[in-house]
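Chemist:
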Amino acid sequence: MNVSLTSELEQYVSDKVASGLYHSASEVIREGLRLLKDQDALREIRLNELRQQIQAGIDSGESQPLNIEDVIDRGRQRHAQRSKASH
């Protein structure tokens, strides 16, 4: 497999090898791909968790309308409590 890199990425790979952290450009690319694979797996886990939370919300029953002023007031109260707790 041949891969083309921009000059910027090519320089980045060269810098990583020159730093001594990696022995070859292939090693840098493999590490990058491992990180990308891990990131994809984590994204999938988070997406599944979000889907479960959405389903739990749906399963919890019918929603009720919110008064925006009440929501703002509760947010301000929580913010004030957190501010007091951090000092």
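Numbering (full-length UniProt numbering), first residue to last: 1 to 87. Using N, Cα and C, we set each Cβ at its ideal position, and we do this for glycine too. All values reported here derive from a predicted model rather than from experimental measurement.
1) Should the stretch 24-33 be regarded as contacting the stretch 7-16, the criterion being three or more beta carbon pairs within less than 8 Å?
2) Alpha carbon to alpha carbon, how far is I54 from V3?
3) CA-CA distance, Q81 and N67?
Modeler: Reading off the structure:
1) Contact between the stretch 24-33 and the stretch 7-16 is present, because at least three Cβ pairs lie under 8 Å.
2) The straight-line gap from Cα to Cα measures roughly 40 Å.
3) For Q81 and N67, the distance between alpha carbons rounds to 21 Å.
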